[in-house]
Ligand SMILES: [Fe+2]
Ligand SMILES: [Fe+2]
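Residue numbers (our numbering), protein chains in the order written: chain Z, 1 to 262; chain L, 1 to 347.
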């Protein structure tokens, strides 16, 4: 396919040398967490050029880049990052449905960020401190905790501003946390290969959310945190309708030139 | 010129102020925000910095177009970082304009109302992935050629902003070149994509240097004030001379049959630029003028409630902070463990 000559001199990979590949449950764990990061990164990047203020174009792109970095590291533990991102079918993606939800208005995006980044910070902290988790994932977690704290802080601050801002922003923020709530049930479904106390992590998550929402003059939604039939669906490769469109856009160019080097 | 006492401390005649200003400019000293400056100098800078800032943020659009379709994760990361840099350039430049007494909101309103310009190059569409490379190589390349001399601009805050910006632009230029190189050495389809993009972007990039010297409205005065250091045609020539060998190493051709080395001049001759097209695009008849400004306005209008919420919340917080000490608030916001790298808050 390529015209004989090797790809340009620039270094391509995330890591200097080929890392040891994970297998079995450990690989599944890396894929699940990597898919979460990849898909949320993609959604956040959709804001670039459309954000409510220039500072937010910068901030959302920043978070998107951090998550993309996490995804690339996790994919590199399993296989070729581009094959994993661009050549899997919809049912082979294991991200939770929360991260694939369309951006909606800024409040929807912030609600999604709040639920996810608080959970991710708790998860990376737990993984980093658990000797039972696969070593390369622990290393990534230890590195990612710091940037995830910034993501959480960003979501937290905006939740306060929107919840305790104007009447309109409060209405929109309340709507955002309600709409996204029904996709949060998967956040603490046990992940194979990561033996963590999920109910305890979830309790931590709820406490943190109650705290920030109270300060934002809001409360946790009361309805179910999962649909009637999709509870846990994302981890099993069952996604929502918008996900197919996301993949179509993301994968189209790569798939149009099989075997090409970019 | 920072040593000159502020105007209100002594009241010399305007001619004395003007003489001091001229002397400072002649001595290559920097004019700083608190220094006296002629009104026309201030107005020229505001116009130029605003146009530059607007170009950075409108310039995000044609490339951000391709973020969600980037064909590899590595390229996607590079592209997101690039577009993010451009937003950052917008921020530096609006801040530089603020030192001259105009707010970002004011300038954005003028942009949205069509009363201030941005670089016409961004009124061309990005039709294929290779356009991302062509923009990096040619458009960022032309921007660098224009902007490196601005690092020595007589107005301090603008010159300093340009130093930071130029560093990042040269990354963008190299990344664009490298993207095209990968395509050029890739499959036949990829090579064709790269050539097509260069064919479409070459002439518009030459137009980025502005009208020829004999038709340039603002050049002479700007040169005298050392805002501008080289004429449009000089910079355009420099750019052509840089690009010709680079195109050869890319294995791509430039779409100009008249392009050839002129031994006597020590420069490349090149064909006539279609200035009618340039003025049409400037007048709003480019392929994307309306689309670009619409997207800008929409983002701004859709974000109005967010910015209002942020201000309302800031007012509430300040009010709480000045209340007499009572019971501690139920919750304080978390302490960031590392500061947001890019000042991720709005006001
Ligand atoms: Fe820039
Ligand atoms: Fe740039």
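Even glycine gets a Cβ: it sits at the ideal position worked out from N, Cα and C. Owing to the predicted nature of the structure, the values given are computational and were not obtained by experimental measurement.
If you check the beta carbons only, do residue i and residue j fall under 8 Å apart?
i, j, result
"residue 92 (chain Z)", "residue 237 (chain Z)", "yes"
"residue 187 (chain Z)", "residue 110 (chain Z)", "no"
"residue 212 (chain Z)", "residue 108 (chain Z)", "no"
"residue 184 (chain L)", "residue 251 (chain L)", "yes"
"residue 273 (chain L)", "residue 203 (chain L)", "yes"
"residue 163 (chain Z)", "residue 216 (chain Z)", "yes"
"residue 141 (chain L)", "residue 175 (chain L)", "no"
"residue 47 (chain Z)", "residue 114 (chain Z)", "no"
"residue 176 (chain Z)", "residue 104 (chain Z)", "yes"
"residue 73 (chain L)", "residue 27 (chain Z)", "no"
"residue 37 (chain Z)", "residue 137 (chain Z)", "no"
"residue 51 (chain L)", "residue 116 (chain L)", "yes"
"residue 224 (chain Z)", "residue 255 (chain Z)", "no"
"residue 197 (chain L)", "residue 128 (chain L)", "yes"
"residue 235 (chain L)", "residue 146 (chain L)", "yes"
"residue 79 (chain L)", "residue 296 (chain L)", "no"
"residue 84 (chain L)", "residue 62 (chain Z)", "yes"
"residue 193 (chain Z)", "residue 25 (chain Z)", "yes"
"residue 42 (chain L)", "residue 100 (chain L)", "yes"
"residue 63 (chain L)", "residue 126 (chain L)", "yes"
"residue 68 (chain L)", "residue 250 (chain Z)", "yes"
Which word fits residue i, buried or exposed, when buried means at least 16 other C-beta atoms lie within 10 angstroms of its C-beta?
i, result
"residue 270 (chain L)", "buried"
"residue 153 (chain Z)", "buried"
"residue 320 (chain L)", "exposed"
"residue 71 (chain L)", "buried"
"residue 56 (chain Z)", "buried"
"residue 275 (chain L)", "exposed"
"residue 16 (chain L)", "exposed"
"residue 82 (chain L)", "buried"
"residue 262 (chain L)", "exposed"
"residue 113 (chain L)", "exposed"
"residue 35 (chain L)", "buried"
"residue 301 (chain L)", "exposed"
"residue 80 (chain Z)", "exposed"
"residue 119 (chain L)", "buried"
"residue 109 (chain L)", "exposed"
"residue 76 (chain Z)", "buried"
"residue 58 (chain Z)", "buried"
"residue 237 (chain L)", "buried"
"residue 87 (chain Z)", "exposed"
"residue 222 (chain Z)", "exposed"
"residue 195 (chain L)", "buried"
"residue 154 (chain L)", "buried"
"residue 5 (chain L)", "Any reading at residue 5 (chain L) needs caution, since the residue's pLDDT is 49, under 50, leaving its predicted position unreliable; the model's value is listed next. Exposed, since its Cβ has fewer than 16 Cβ neighbours within 10 Å."
Measure the beta-carbon distance from residue i to residue j and round it to whole angstroms, keeping in mind my assumption that it falls under 8 Å.
i, j, result
"residue 40 (chain Z)", "residue 116 (chain Z)", "6 Å"
"residue 65 (chain L)", "residue 286 (chain L)", "Their Cβ separation, rounded to whole angstroms, is 16 Å, which puts residue 65 (chain L) and residue 286 (chain L) out of contact at 8 Å."
"residue 259 (chain L)", "residue 268 (chain L)", "6 Å"
"residue 199 (chain L)", "residue 255 (chain L)", "4 Å"
"residue 100 (chain Z)", "residue 246 (chain Z)", "6 Å"
"residue 299 (chain L)", "residue 50 (chain Z)", "5 Å"
"residue 303 (chain L)", "residue 102 (chain Z)", "About 17 Å separates the two Cβ atoms, so there is no contact after all."
"residue 138 (chain L)", "residue 205 (chain L)", "4 Å"
Excluding the five sequence neighbours on either side, which residues of its own chain have a C-beta within less than 6 Å of the C-beta of residue i, listed in chain order?
i, result
"residue 53 (chain L)", "90, 93, 94"
"residue 76 (chain L)", "70"
"residue 71 (chain Z)", "34, 37, 38"
"residue 229 (chain L)", "149"
"residue 240 (chain L)", "268, 270"
"residue 330 (chain L)", "Summary for residue 330 (chain L): the model assigns pLDDT 45, below 50, so the residue's position carries little reliability; its value from the coordinates is reported in the next sentence. Closer than 6 Å at Cβ, skipping near neighbours: no residue."
Who are the Cβ neighbours of residue i in its own chain at under 8 Å, not counting the five residues just before and after it?
i, result
"residue 244 (chain Z)", "90"
"residue 44 (chain L)", "218, 221, 222, 225, 227"
"residue 169 (chain Z)", "107, 161, 162, 163"
"residue 78 (chain Z)", "21, 22, 27, 30, 31, 34, 84"
Can you give me the Cβ contacts of residue i inside the same chain, cut-off strictly under 7 Å, excluding the 5 residues immediately before and after it?
i, result
"residue 156 (chain L)", "30, 31, 32"
"residue 231 (chain L)", "213, 219"
"residue 123 (chain Z)", "201"
"residue 219 (chain Z)", "213"
"residue 204 (chain Z)", "122"
Inset, instruction - Pick out the complete beta strand (DSSP E) segments inside the segment 203-268 of chain L, 3 residues or longer, and give them in chain order. - result: 260-262
Inset, instruction - Pick out the complete alpha helix (DSSP H) segments inside the segment 111-140 of chain L, 4 residues or longer, and give them in chain order. - result: 130-134
Inset, instruction - Within the segment 84-120 of chain Z, note down every full alpha helix (DSSP H) run reaching 4 residues or more, in order along the chain. - result: 97-100
Inset, instruction - Please go through the segment 15-84 of chain Z and give each complete beta strand (DSSP E) segment of 3 or more residues, from N-terminal end onward. - result: Segments of the beta strand (DSSP E) lying fully in the segment 15-84 of chain Z: there are none.
Legend entry - Unbroken stretches of the alpha helix (DSSP H), 4 residues or longer, contained in the segment 142-167 of chain L: none
Legend entry - Complete runs of the alpha helix (DSSP H) confined to the segment 127-205 of chain Z [at least 4 residues]: 135-163, 167-181
Inset, instruction - Could you name each continuous alpha helix (DSSP H) segment of 4 residues or more that falls completely within the segment 275-299 of chain L, going from the start of the chain to the end? - result: 275-280
Inset, instruction - Let me know the alpha helix (DSSP H) ranges lying completely inside the segment 8-88 of chain L, each 4 residues or longer, listed in chain order. - result: 14-26, 39-58, 60-64
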